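Read the structure below first, then the notes.
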Amino acid sequence: MSAASKIVSVVIPCRNEERFIERCLDSLLAQTYPKDQIEILAVNGASEDDTEKIVAAYAATHPSVKLLQNPKKFTPISMNVGIKNARGGFILLAGAHSSFAPDYIEKCVSHLERHNADVVGGTLETKPSRNTLAAQAIAEVLKSRLGTGGSSFRVGTSSVREVDTAFNACYRRELFEKVGLINEHLRRSQDMEFSMRIKRAGGKIILAPDISTTYYPKATLHEFWSHNISDGIWAILPVKYGARLFKLRHLAPFVFVLGLLGTGTAALLYRPLLVLPLAIAAPYLSVIAGVSLTLAVRAKRPTLFPFLIAAFAIRHFGYGIGSLMGFLKLLLPERRS
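Numbering (the UniProt record's numbering) for the sequence shown: 1 to 337.
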């Protein structure tokens, strides 16, 4: 193995991440993997806060940290800027909202070699990004099966297993030469689309339970709503670019919202049909109330209960409405300027 092939290039797309980028960089600088075999490429997407200034300060004092620029702002473009500038034989696409266990990179490389894999990722520990009830509720929702649909990297796994995609994943460099770069049309879900191409080309993606990342999600219910709307849109919109990424579980919020809209509209036109939307809404409210109560009791914070109900509803309705918007964008002709 050549010296360059042992290097791990960490690519961090970042735009307006002043609250999180220091924690992310600190965790990467504390890795147990040989320091001279790690390069950290932070790609600034025209940030409007102090992100660029913070990264520049790190770059001035840590030779392994480099600041790159993406004036076009969007994440997939930042990813490709980093990939094109990377020297390593391994490329880790890292989220700025994450912090990494000290042995994260070491274990990624070890698992790639031991399991003859092309991509490896780990499990996700979600923590509140602020010390508020709303932030804690959002974190709890994203740790639960009801809030995530049972994604393996979110709810955990007991053994190394093959998966369809990985979060904060480490890739062999040759994959980008084999299947191409990140799809720049996709504002979201670009990692899932890239994973799909890897699988189609016969690549092996694994999830390892002993690799862990800490993730800090949105802190307010308003931010969480906007995030889920966008998630829903980009669960569907990649179809426009030839990539069907969604699974049946991704469609559950869409079907739920569509069912409520359809039966609610029918009930407005014919009063006796009011029983139909109630038949959908009542069991749903019972389930999220029950799960929210369980989580609030487990956290020993009764005041968390209403925030959990709100966060679950935002997660499901936001994703469902976003998916509906995604389908409409597929079906309706684009406006030409």
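Built from N, CA and C at the ideal position, the CB exists for glycine as well.
Keep in mind that this is a model prediction, so the values were computed, not measured.
Hey, quick one: how far does the alpha helix (DSSP H) through residue i stretch, first residue to last?
{"i": "SER323", "result": "305-331"}
{"i": "ASN80", "result": "75-85"}
{"i": "TYR171", "result": "No alpha helix (DSSP H) contains TYR171, which is instead part of the beta strand (DSSP E) from 170-172."}
{"i": "GLU106", "result": "104-114"}
{"i": "LYS143", "result": "133-143"}
{"i": "GLU17", "result": "It is not in any alpha helix (DSSP H) - GLU17 carries neither H nor E in the DSSP assignment."}
In three-state terms, what does DSSP make of residue i?
{"i": "LEU68", "result": "strand"}
{"i": "SER195", "result": "helix"}
{"i": "SER212", "result": "strand"}
{"i": "SER337", "result": "Residue confidence for SER337 is low, a pLDDT of 45 falling below 50, so the modelled location carries little weight; the figure read from the coordinates is stated next. It is coil, neither helix nor strand."}
{"i": "ARG23", "result": "helix"}
{"i": "GLU162", "result": "strand"}
{"i": "ASN44", "result": "strand"}
{"i": "TYR270", "result": "coil"}
What separation, rounded to the nearest whole angstrom, lies between the Cα atoms of residue i and residue j?
{"i": "LEU221", "j": "ALA101", "result": "28 angstroms"}
{"i": "THR75", "j": "GLU52", "result": "15 angstroms"}
{"i": "VAL179", "j": "ILE198", "result": "7 angstroms"}
{"i": "PHE90", "j": "SER110", "result": "12 angstroms"}
{"i": "SER337", "j": "THR61", "result": "Any reading at SER337 is ruled out, since the residue's pLDDT is 45, under 50, leaving its predicted position unreliable."}
{"i": "GLU106", "j": "TYR284", "result": "44 angstroms"}
{"i": "THR165", "j": "ASP210", "result": "17 angstroms"}
{"i": "LEU237", "j": "HIS227", "result": "15 angstroms"}
{"i": "ILE233", "j": "LYS240", "result": "12 angstroms"}
{"i": "GLY290", "j": "SER5", "result": "51 angstroms"}
{"i": "SER27", "j": "GLU162", "result": "27 angstroms"}
{"i": "VAL10", "j": "LYS73", "result": "19 angstroms"}
{"i": "GLY318", "j": "MET325", "result": "10 angstroms"}
{"i": "ILE138", "j": "ALA57", "result": "32 angstroms"}
{"i": "SER159", "j": "ASP103", "result": "18 angstroms"}
{"i": "ARG271", "j": "GLY259", "result": "17 angstroms"}
My assumption, with CB atoms under 8 angstroms, is that residue i sits in contact with residue j. Please give the rounded CB distance.
{"i": "ALA46", "j": "ARG19", "result": "With 8 angstroms as the limit, ALA46 and ARG19 do not qualify as a contact, their Cβ atoms being about 17 angstroms apart."}
{"i": "LYS66", "j": "ILE40", "result": "7 angstroms"}
{"i": "ASN80", "j": "LEU181", "result": "5 angstroms"}
{"i": "ALA117", "j": "ILE7", "result": "With a Cβ gap of about 18 angstroms, ALA117 and ILE7 do not count as contacting."}
{"i": "GLU193", "j": "LEU186", "result": "6 angstroms"}
Give the DSSP bridge partners of residue i, in chain order.
{"i": "SER99", "result": "THR214"}
{"i": "GLU39", "result": "SER9"}
{"i": "GLY121", "result": "LEU207"}
{"i": "THR126", "result": "TYR215"}
Can you name the start and end residues of the beta strand (DSSP E) that residue i belongs to?
{"i": "ILE91", "result": "90-93"}
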